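First the structure, in the form of structure tokens, and then the observations on it.
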Amino acid sequence: MVKKALIVDDFPFDAELTRRVLQSCTAEHEIVVVSDGEEALRELNKEQDFDVVLLDLKLPKVDGFEVLKEISSKPFLSDIPVIVLSSSRNEADRMRTRVLGAGDFVEKAIDYAVFKAELTRALAQFGFA
Numbered sequence: 001m002v003k004k005a006l007i008v009d010d011f012p013f014d015a016e017l018t019r020r021v022l023q024s025c026t027a028e029h030e031i032v033v034v035s036d037g038e039e040a041l042r043e044l045n046k047e048q049d050f051d052v053v054l055l056d057l058k059l060p061k062v063d064g065f066e067v068l069k070e071i072s073s074k075p076f077l078s079d080i081p082v083i084v085l086s087s088s089r090n091e092a093d094r095m096r097t098r099v100l101g102a103g104d105f106v107e108k109a110i111d112y113a114v115f116k117a118e119l120t121r122a123l124a125q126f127g128f129a
């Protein structure tokens, strides 16, 4: 079964690293990449068949916190697991994402191996191992 993932990141390098981690998982994937929160919400409202959303917090137009609020407030989207990917080391940001419905929070690490291990662990919770 093909899994469908939405990557929301305004930094192309980070989006590509996230794509590589997804592609290294055993499940077959269809990957959609958008670069701001407004595009993410438009894509989610158009296509509700995503199996996971990989969401950066610091986005242009609509930030990741607002995207999380929208996802959790709509019954047709609230079942989609969201993994927040952020360079934030702020514990308040981590807690806020949980309150808003994120399934996990992965810090963007400078070391790709560390990032890959953490994101793979998070993805495994939602059937992407």
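If you're matching positions, the sequence shown starts at 1 in the UniProt record's numbering and goes up one per residue. All residues carry an ideal CB built from backbone N, CA and C; glycine is no exception. Predicted model, so just to flag it, every value in this text is computed and none were measured.
Taking Cβ positions, are residue i and residue j nearer each other than 7 Å?
i, j, result
"D104", "I83", "yes"
"G37", "V62", "yes"
"V33", "I71", "no"
"L100", "L68", "yes"
"residue 133", "I31", "For residue 133 there is no data in the structure shown, the boundaries of the chain being 1 and 129."
"P60", "D14", "no"
Would you please state the rounded distance, in angstroms, between the beta carbons of residue i and residue j? I believe it to be under 8 Å.
i, j, result
"K4", "A27", "Incorrect: roughly 10 Å between the Cβ atoms, too far for contact."
Looking only at C-alpha atoms, which of the options sits nearest to residue i?
i, options, result
"A124", "D111, V106, Y112 and F65", "V106"
"L55", "D49, Q48, S87 and A117", "S87"
"G64", "K74, E47 and E39", "E39"
"I80", "G127, P12 and R20", "G127"
Can you tell me the Cα-Cα spacing of residue i and residue j, whole angstroms?
i, j, result
"T18", "S35", "13 Å"
"L44", "K116", "25 Å"
"N90", "K58", "13 Å"
"A109", "L119", "10 Å"
Check: Residue ranges of each beta strand (DSSP E) run of no fewer than 3 residues wholly in the stretch 1 to 63, ordered along the chain?
Finding: With a minimum length of 3 residues, the continuous beta strand (DSSP E) runs that stay inside the stretch 1 to 63 are 3 to 8, 29 to 34 and 52 to 55.
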